[in-house]
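Chemist: Read in order, the letters of the sequence shown correspond to residues 1 to 272 in our numbering. We put the beta carbon where it would ideally sit given N, CA and C, even for glycine.
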Amino acid sequence: MALLLAGALSAAAWGQGLPDTFWADAWRGWHFYEDPAPDERPPAPPRNVSPPAAPASAPARPVELAELDRLRQALEDARGVAVMRPTEANVRRYMELEARVVARASAFADVARRVAWTTPGLDPTLQGRPVNARALEVFEERQAGERSRAIAALGRDHVLLFFFRGDCPYCHAFAPTLQAFQQRHGLRVEAVSLDGGAMPGFAQARRDNGTATALRVTQVPAVYLAQPFTGRIVPIGFGVMSESQLVERIAAAASPDFEALVPGAVHRLARP
Numbered sequence: 001m002a003l004l005l006a007g008a009l010s011a012a013a014w015g016q017g018l019p020d021t022f023w024a025d026a027w028r029g030w031h032f033y034e035d036p037a038p039d040e041r042p043p044a045p046p047r048n049v050s051p052p053a054a055p056a057s058a059p060a061r062p063v064e065l066a067e068l069d070r071l072r073q074a075l076e077d078a079r080g081v082a083v084m085r086p087t088e089a090n091v092r093r094y095m096e097l098e099a100r101v102v103a104r105a106s107a108f109a110d111v112a113r114r115v116a117w118t119t120p121g122l123d124p125t126l127q128g129r130p131v132n133a134r135a136l137e138v139f140e141e142r143q144a145g146e147r148s149r150a151i152a153a154l155g156r157d158h159v160l161l162f163f164f165r166g167d168c169p170y171c172h173a174f175a176p177t178l179q180a181f182q183q184r185h186g187l188r189v190e191a192v193s194l195d196g197g198a199m200p201g202f203a204q205a206r207r208d209n210g211t212a213t214a215l216r217v218t219q220v221p222a223v224y225l226a227q228p229f230t231g232r233i234v235p236i237g238f239g240v241m242s243e244s245q246l247v248e249r250i251a252a253a254a255s256p257d258f259e260a261l262v263p264g265a266v267h268r269l270a271r272p
């Protein structure tokens with residue numbers, strides 16, 4: 001008995017240095033596993049987070065815009081009152097406010113005209129087509145000369161296809177214009193008869209071999225600009241046209257950006 005008591009005391013004394021859980025969980029026996037104690041790491045120092053930048057203050061709104069808003073609102077209100085109750089006083093007030101607005105707009109237009117006169121880059125009369133009669137003549141002469149040279153250059157590898165019917169009076173009326181155009185600009189015209197009929201001035205006209213069907217030509221007279229060695233064909237116009245219209249349209253159809261602007265108008269037929 002003394003030995004058992006001594007052993008118990010010595011075991012108790014030895015167990016004082018062990019964790020309390022060992023003795024509290026003695027019922028689990030020796031086959032158990034204790035999770036290791038978590039590492040005690042010092043807390044990470046706080047990051048130096050800069051305070052959010054203050055939003056930039058919006059620029060001050062010009063007082064002129066506030067005045068314009070007030071004038072616009074006053075005009076709209078006066079108009080609404082005058083419409084709903086068209087008394088002499090209400091209508092007069094609206095008309096007075098409208099006159100103020102018109103006067104301000106007129107003053108702006110006067111200053112804008114003077115700025116345009118003194119600044120060539122802002123003068124709309126110097127951009128594009130002139131408005132002065134004499135300047136317009138010079139502009140059109142230069143345009144006609146440039147277009148004529150461009151069409152003459154097209155004559156090296158382009159032809160005009162003229163689709164007609166022998167019984168079409170509009171085709172007969174249009175044929176002399178095409179003859180004059182061919183002689184003046186050197187762009188050969190190939191006449192194509194849809195019904196086998198003849199056309200004065202185009203003795204070498206040939207019968208359609210399927211080109212008109214491929215192009216879906218249903219309206220005559222019809223003119224197409226064709227480049228035979230590539231098969232590229234572009235419609236120029238339908239019906240009776242003047243020579244100036246032919247020149248303008250052919251020059252536009254031959255420009256590099258024509259196909260990019262209207263790709264659906266360009267046809268490409270296989271070469272025979």
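1. Thinking just about the alpha-carbon of each residue, which of 165, 116 and 112 is nearest to the one in residue 212?
2. Please state the DSSP three-state secondary structure of residue 158.
3. Quick check: residue 229 and residue 189, are their CB atoms within less than 8 Å of each other?
4. Please work out which residues of its chain come closer than 6 Å, Cβ to Cβ, to residue 143, disregarding the five sequence neighbours upstream and downstream, and give them in chain order.
5. Would residue 208 and residue 223 qualify as a contact pair, given that the criterion is a beta-carbon distance under 8 Å?
6. Excluding sequence positions up to five away, which residues of its chain have a Cβ less than 6 Å from the Cβ of residue 202?
7. Quick one: give me the first and last residue of the alpha helix (DSSP H) that residue 194 is part of.
8. Alpha carbon to alpha carbon, how far is residue 68 from residue 152? Give it in angstroms, no decimals.
9. What residue range does the beta strand (DSSP E) around residue 234 cover?
10. In angstroms, rounded to a whole number, what distance separates the CA positions of residue 281 and residue 248?
11. Compute the Euclidean distance between the alpha carbons of residue 146 and residue 134, then round it to the nearest angstrom.
12. In three-state DSSP terms, what is residue 245?
Modeler: According to the structure shown:
1. Here residue 212 corresponds to residue number 212 of the sequence shown, with the count starting at 1. Closest by alpha carbon: 165.
2. Taking the sequence shown and counting its residues from 1, the one referred to as residue 158 is at position 158. Residue state, collapsed to three classes: coil.
3. As a first step, residue 229 must be located in the sequence shown, where it is residue number 229. As a first step, residue 189 must be located in the sequence shown, where it is residue number 189. Not in contact: residue 229 and residue 189 (Cβ atoms no closer than 8 Å).
4. Indexing the sequence shown from 1 puts residue 143 at position 143. So no residue of the chain qualifies.
5. What you label residue 208 is simply residue 208 of the sequence shown in a count that begins at 1. What you label residue 223 is simply residue 223 of the sequence shown in a count that begins at 1. No, they are not a contact pair.
6. Counted from its first residue, the sequence shown places residue 202 at position 202. Hits under 6 Å: 191.
7. Here residue 194 corresponds to residue number 194 of the sequence shown, with the count starting at 1. Element bounds for residue 194: n/a, residue is neither H nor E.
8. Start at 1 with the first residue of the sequence shown, and residue 152 comes out as number 152. Start at 1 with the first residue of the sequence shown, and residue 68 comes out as number 68. Between residue 152 and residue 68, the C-alpha separation is close to 58 Å.
9. As a position in the sequence shown, residue 234 is number 234, starting the count at 1. Unbroken beta strand (DSSP E) run through residue 234: 232-238.
10. For residue 281 there is no data in the structure shown, the boundaries of the chain being 1 and 272.
11. For this step, residue 146 is matched to residue 146 along the sequence shown. For this step, residue 134 is matched to residue 134 along the sequence shown. So the alpha carbons of these two residues sit roughly 19 Å apart.
12. Stepping through the sequence shown from its first residue, residue 245 is reached at position 245. Residue state, collapsed to three classes: helix.
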